[in-house]
Structure formats: C-alpha cells, structure tokens
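Just below is one structure, and these are the notes that go with it.
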Amino acid sequence: MQLSDFHYNIPQELIASQPPAERGEARLLALDRATGKIADRTYGDIVDYLQSGDVLVINDTKVIKARLITHKSNGGGVRELVLVEKHGPADDWHRHRVIYRRRLKAGDELKIGNNTINVEEILSDGIAVVRAERDLLAIAEEHGSVPLPPYMQREATATDSERYQTVFAREAGSVAAPTASLNMTEATLQKLRQKGVKIAYATLHVGLGTFLPIRVKDVTLHKMHQEYYEIPSETVRLLRESQVRGNRIVALGTTITRTLEYAHDDIFEGDIRDLCGEADIFIYPGYQFKTIQGLITNFHMPESTVLMLTAAFAGWDKLRPAYEHAVAKRYNFFSYGDSMVIL
C-alpha cells in the first residue's frame, strides 16, 4: 500500500484559513459506506443521522498555547518551538518534546519572558527534548499562542483562541484541535440529547501521532507516536450498555476513533473502571473496526494518517469519490472546514 495511493488534488481556495462566521455554520456531507450514496446537508442536520440510543463519543481535550517564540541566551537569534507532548511522567510538565524551526543543539539555552528553557536532547524529524524549571504549560499560557496548522499561512489571532477550541474542551494537553468537534455547538448537542442520543466523553491529547507526516512510501511501515488518553468509567459503562442494546457507537473525530479502537478490550472486558494509557495504533485500509459504527469527521489532508483512518472506515473506493464530490461542490477543507458523517 503506497503513500501516493492517498493523494488527491485540493484547490488552494478550498482550504479554510478562517473559521465560519458562527460556530456550526458549516456544510455536512453524508456518506453511506455500504452504498456510497452521498447527500449534501448542513451541519445541524447531523441530528437526523443519529438515532435514539446511539452513543456519541467526544474528545474533551483542550488545545494549549503551544507555539513559543524564544531567543537564544547567547544572542543567537529567535527560535520558534511548538510543544508537542510531555516527555516523562504524566504529571510532569517541566520536560517536553518540541518541534523546532531553526538549528538547535543539546545544551542550548533559550529565553522567553523571565523563563529559561534548556535543550536537553535532539531527536529525529526536527524534534527536541527541552526542560524548564517552571511548568511549561504555565509558560505557554503566559507567553504562547495557538499553534495554527502551517497551511493556514497566517498568525493566530484572538478569534483563534476561541474558535480553535471546542465548546466542551476541559482537559489541557493538545497541540492541535480535534477538528471534527470544532463545528459542534451546545445547541446541536442539546438536540441530540433530546432525541435520546447518549453523549459520552473521553480524552486523547493530540500530539505527534496525529499530525506527524508519513515519511515512508510503503504506509504499512509507518510507526505512530504514542498519544495519552483517558476514558472515564461512566463512558465505559455507556459503551457497554450500547453494545448490549445493539445501538451504535459514533465517534466524533479520528482521535476518538483511535482511542476507542486501541482500548477496545479494556472497555468491554473486566470491571467497569477509569482507563488511561498511550495509544499508538495506526489505522489504514484493511483494518477491521471493533468499536465504532459511525464516524463524524472533517476533510483531511492528502497522504495523512487521519485520511487513511477515514478511508479504512468508509472504504477508499467510497471516500475518494466523496472527496471529489466535495471539491466539485466547493466544500471547505481541513481544520476550519466542513464536516462529514459516515454511517
């Protein structure tokens, strides 16, 4: 299976660099994965596609202000860092893996405000391990900015601080938004509840595993980075009850999909309990889904791991024509773009 198999052409003008004027004012492409039938709807119509008894699982992670503009203490100029994941114990925010844009070496000392960040180790792929005496999350909150995807080709604004965050974000730790959730509103959630849809929450902190590009031609050789997840016992209970009733489990996004598929055995076996761990599952066509029966997601970048996950669920033979339809119908793509529901 070749990386080039998952290439498609996307006109630059269809890449959304700004959020919709109002959250939830997005289009929705509905795809029947059994027949390939496509319907053009609006995002609020998602209520029509979920049924009473379905469980909609949502990622409640919160994006941190992970982009830091630092200066080398010896006068060597500006160094941009993007915090991507903690390096060490789950409760230790002093050490972090970062992506860096200009040359760094182990031992470099960087300044931001009154804080010092030391480069401990240089890893591969432009990634380093850094350490600060203070909590790096606190430093980022004071001095950082929202790490918008590079394809937006602009600096983050105050609007992004709100709109590049979901309405249910509460667990800080992600360096990118779980984008399928950006179009979801409290009003739509309330309509789903009124219809009898169960809303459940889990956390996966988006890091390198989600957005690091694939650098091998044979996608089966790609190795995913681990990303930390938590699934509360209440969500485990709802998922087990759904399985017993024969109702559907619908994932709001690829991050939740990876979490639920990775933790499947722990969710459905043994005592009902809080779960946590590090998910490194790479889902691509040929994977047999064990947990979810529905997926709500955005339109993804060519050759990305999240596109491959979506192709695995829908079937690339169904998804590719849907993407071609979306281009022809001028849907907006990527993080601030329109959404799909695949059932």
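Last residue of the sequence shown? That's 372 in this note's numbering, and every number before it is there in order.
Beta carbons: idealized from backbone N, C-alpha and C, even for Gly.
Nothing here was measured: the structure is a model prediction, and the numbers come from that model.
- Item | Bridge partner(s) assigned by DSSP for Leu57 | Mapped onto the sequence shown, residue 57 falls at position 28. DSSP output for Leu57 lists Arg70 and Ser368 as bridge partner(s).
- Cβ neighbour criterion (16 or more within 10 Å) applied to Thr188: Counted from its first residue, the sequence shown places residue 188 at position 159. Exposed: under 16 other Cβ atoms inside 10 Å.
- Based on the DSSP output, what are the partners of Asn88 in its beta bridges? The count along the sequence shown starts at 1 and reaches residue 88 at position 59. Paired residues: Ala231.
- Query: Do the segment 320-331 and the segment 159-174 meet, that is, are 3 or more Cβ pairs less than 8 Å apart?
  - Reply: no
- Task: Please name the residue, chosen from Arg108, Asn88 and Arg62, that lies closest to Leu289 on a Cα-to-Cα basis.
- Result: In the sequence shown, residue 289 corresponds to position 260, counting from 1. Among Arg108, Asn88 and Arg62, the Cα nearest to that of Leu289 belongs to Asn88.
- Query: Can you give the beta carbon distance from Ile310 to Arg287, rounded, assuming they're within the 8 Å contact cut?
  - Reply: Position 281 of the sequence shown, counting from 1, holds the residue named residue 310. Position 258 of the sequence shown, counting from 1, holds the residue named residue 287. Yes, they are in contact, since the Cβ atoms of Ile310 and Arg287 sit about 6 Å apart, within 8 Å.
- Query: Ends of the beta strand (DSSP E) at Thr326?
  - Reply: Numbered from 1 along the sequence shown, position 297 holds the residue referred to as residue 326. Unbroken beta strand (DSSP E) run through Thr326: Gly323 to Asn327.
- Query: How would you write the range of the alpha helix (DSSP H) that Tyr78 sits in, first residue to last?
  - Reply: Translated into the one-based positions of the sequence shown, residue 78 becomes position 49. Tyr78 -> alpha helix (DSSP H) spans Ile75 to Tyr78.
- Task: Please check the pair Leu112 and Leu152, which I expect to be a contact at CB under 8 Å, by giving their CB distance rounded to whole angstroms.
- Result: If you number the sequence shown from 1, residue 112 lands on position 83. If you number the sequence shown from 1, residue 152 lands on position 123. With a Cβ gap of about 14 Å, Leu112 and Leu152 do not count as contacting.
- Spatial distance of Val127 from Asp83 (CA atoms): Mapped onto the sequence shown, residue 127 falls at position 98. Mapped onto the sequence shown, residue 83 falls at position 54. Distance between the alpha carbons of Val127 and Asp83 is about 39 Å.
- Closest Cα partner of Leu241 within the set Phe342, Leu133, His123 and Met330: The residue labelled residue 241 in the question sits at position 212 within the sequence shown. Measuring from the Cα of Leu241, the nearest candidate turns out to be Met330.
- Query: So who's on the other strand from Phe362, going by DSSP bridges?
  - Reply: In the sequence shown, residue 362 corresponds to position 333, counting from 1. In DSSP, Phe362 forms a bridge with Ile44.
- Message: Does Leu250 pass the burial test, meaning 16 or more other C-beta atoms within 10 Å, or should it be called exposed?
- Response: Here residue 250 corresponds to residue number 221 of the sequence shown, with the count starting at 1. Exposed is the call here.
- Message: Going by DSSP in three states, Ser271 sits in which element: helix, strand or coil?
- Response: Here the question's residue 271 lines up with position 242 in the sequence shown. Residue state, collapsed to three classes: helix.
- Mind checking who Glu114 pairs with in its DSSP beta bridge? Taking the first residue of the sequence shown as 1, we reach residue 114 at position 85. Answer is Arg126, bridged to Glu114.
- Per DSSP, what kind of secondary structure is Ala63 in: helix, strand or coil? The residue given as residue 63 occupies position 34 in the sequence shown. Coil, per DSSP.
- Query: Alpha carbon to alpha carbon, what distance is there between Lys115 and Ser210?
  - Reply: To locate residue 210, count along the sequence shown from 1; it is residue 181. To locate residue 115, count along the sequence shown from 1; it is residue 86. Near 23 Å, if we compare the C-alpha coordinates of Lys115 and Ser210.
- Inter-residue Cα distance where the pair is Ile285 and Gly104: Here residue 285 refers to the residue found at position 256 when the sequence shown is read from its first residue. Here residue 104 refers to the residue found at position 75 when the sequence shown is read from its first residue. Going by the C-alpha atoms only, they are around 43 Å apart.
- Message: Nearest by alpha-carbon distance to Glu215: which of Ala198, Gly202, Ala206 and Ser102 is it?
- Response: On the sequence shown, position 186 is the one that residue 215 refers to. Ranking Ala198, Gly202, Ala206 and Ser102 by Cα distance to Glu215 puts Ala198 first.
- Identify which residue in Phe363, Phe342 and Val92 has its Cα closest to the Cα of Asp61. Start at 1 with the first residue of the sequence shown, and residue 61 comes out as number 32. Of the listed residues, the one whose Cα sits closest to Asp61 is Phe342.
- Item | Beta-carbon gap between Ile93 and Met181 smaller than 9 Å | Along the sequence shown, read from residue 1 onward, the residue named residue 93 stands at position 64. Along the sequence shown, read from residue 1 onward, the residue named residue 181 stands at position 152. No.
- Message: Please report the straight-line C-alpha distance between Thr208 and Gly136, rounded to a whole angstrom.
- Response: Along the sequence shown, one-based indexing puts residue 208 at 179. Along the sequence shown, one-based indexing puts residue 136 at 107. Cα to Cα, Thr208 sits roughly 36 Å from Gly136.
- By how many angstroms is the C-alpha of Leu133 removed from the C-alpha of Val148? In the sequence shown, the residue the question calls residue 148 occupies position 119. In the sequence shown, the residue the question calls residue 133 occupies position 104. Those two C-alpha atoms are separated by around 8 Å.
- Compute the distance between the beta-carbons of Ile260 and Ala280, then report whether it is under 9 Å. For the purposes of this step, residue 260 is identified with residue 231 of the sequence shown, where counting begins at 1. For the purposes of this step, residue 280 is identified with residue 251 of the sequence shown, where counting begins at 1. No, the pair does not count as a contact, with Cβ atoms beyond the cut-off.
- Query: So, Val76 versus Lys227, is the Cβ gap smaller than 9 Å?
  - Reply: Translated into the one-based positions of the sequence shown, residue 76 becomes position 47. Translated into the one-based positions of the sequence shown, residue 227 becomes position 198. No; because the gap between Cβ atoms is not below 9 Å, this pair is not in contact.
- Decide if Asn361 is buried, meaning its Cβ has at least 16 other Cβ atoms within 10 Å, or exposed. Walking along the sequence shown from the start, residue 361 turns up at place 332. Result: buried.
- Message: Quick check on the DSSP output: the beta strand (DSSP E) that includes Ser203 runs from which residue to which?
- Response: Residue numbering aside, residue 203 sits at position 174 when the sequence shown is read from its first letter. That run of the beta strand (DSSP E) goes Glu200 to Ser203.
- Mind checking who Thr283 pairs with in its DSSP beta bridge? For the purposes of this step, residue 283 is taken as residue 254 along the sequence shown, with counting starting at 1. Partner(s): none; Thr283 has no beta bridge.
- Query: What did DSSP end up calling Lys319 once you bin it into helix, strand or coil?
  - Reply: Translated into the one-based positions of the sequence shown, residue 319 becomes position 290. Coil at Lys319, not helix or strand.
- I think Val204 touches Val248, with their Cβ atoms under 8 Å apart; what is that distance to the nearest whole Å? Position 175 of the sequence shown, counted from the start, is the residue given in the question as residue 204. Position 219 of the sequence shown, counted from the start, is the residue given in the question as residue 248. About 23 Å separates the two Cβ atoms, so there is no contact after all.
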